[in-house]
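Residue numbers (the working numbering): 39 to 225. We put the CB at the ideal spot given by N, CA and C, even for glycine. Below: one structure, written as structure tokens.
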Amino acid sequence: MRLHTAAAVGTFRQCQKDVMLGGWHIPKGSTVWIPLHSVHNSIHNFTAPEVFDPERWLREGAIGSKPTPAASNTVHLHATATAAGPPVAENTTASIPTKPFATPRGHASVPPNKAMLPFSDGSRSCIGMNLAYVDARTILLSILSKFWLELDPSVGSHAEVEAAQVMALVLNSGVPIKLRLKSHVPY
39 MRLHTAAAVG TFRQCQKDVM LGGWHIPKGS TVWIPLHSVH NSIHNFTAPE VFDPERWLRE
99 GAIGSKPTPA ASNTVHLHAT ATAAGPPVAE NTTASIPTKP FATPRGHASV PPNKAMLPFS
159 DGSRSCIGMN LAYVDARTIL LSILSKFWLE LDPSVGSHAE VEAAQVMALV LNSGVPIKLR
219 LKSHVPY
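Below, the structure is given as structure tokens:
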């Protein structure tokens, strides 16, 4: 869902009041676009964002890499005109105060807990989020129910692995597991 966002164009919100966002005045009634695909695939939010790496979620920090700290106290924005209105911030020399998650080149990054938003966020997040989570669990259980999970002999005995886990939810080094198709399941 990060590499191929279901709603690649992102989400739109209408400002309910005048807001200062990244140093820019956004008037009440303006439409703000949050491009989720760009957020999910930004080098400022994830290390090697183009790589499918499920283990990234098990590493320290869990949500991608930490944003790059700003190199200066200003960010230079670039924007273009849209059919819906006048150009916004065409002046690339305009300096505005940085936010803590600005990058040296002036590209916006987001706080680590907002780098992965497959269902958007807040009270108007995707209505199908809980259904998608249930579906994912159901599919995973359906697939795994057709296999026996066995520890690879290189790990040691079941008792040795249990002793190594102690109180951990995830083993530090990972555990090689073999999947063996259950005999009653047709190929």
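Spatial neighbours of residue i within its chain, please: CB distance less than 7 Å, with the 5 preceding and 5 following residues excluded, ordered by chain position.
i	result
F90	L41
M39	P156
R218	F185, W186 and E188
I need the DSSP call for residue i, collapsed to helix, strand or coil.
i	result
P92	helix
M58	strand
S158	strand
H42	coil
I35	Nothing can be reported for residue 35: it is not among the residues displayed for the chain, which extend from 39 to 225.
K152	helix
K137	Reliability fails at K137, whose pLDDT of 45 lies under 50, so the model's placement of it is uncertain and the value that follows must be treated cautiously. Coil at K137, not helix or strand.
V70	strand
H196	helix
H82	coil
R218	strand
With distances taken Cα to Cα, identify the nearest neighbour of residue i among the options.
i	options	result
A45	C164, K66 and Q52	C164
T69	T176, G61, N151 and K55	K55
Q52	V77, R162, S80 and N79	R162
S76	K66, G67, E88 and P65	E88
K66	V57, L74 and W186	V57
K152	H82, L179 and P214	H82
K43	H63, G60 and S80	Note that residue 43 is Thr in the sequence shown, not Lys. Minimum Cα distance to T43 is reached at S80.
D159	L182, L74 and L179	L74
M154	I181, R94 and I64	R94
H27	H63, D173, S180 and V47	The requested residue 27 is not part of the displayed model; the chain covers only 39 to 225.
In chain order, what residues of the same chain lie with their CB nearer than 6 Å to the CB of residue i, ignoring the 5 residues before and after it?
i	result
F50	T69 and W71
E200	none
R187	Before going on, a small fix: residue 187 reads as Leu here, not Arg. These residues qualify, in order along the chain: I215.
S221	none
M167	F157
I177	none
Please list, in chain order, all residues of the same chain as residue i whose beta carbon is under 8 Å from its beta carbon, the five residues on each side excluded.
i	result
H196	L189
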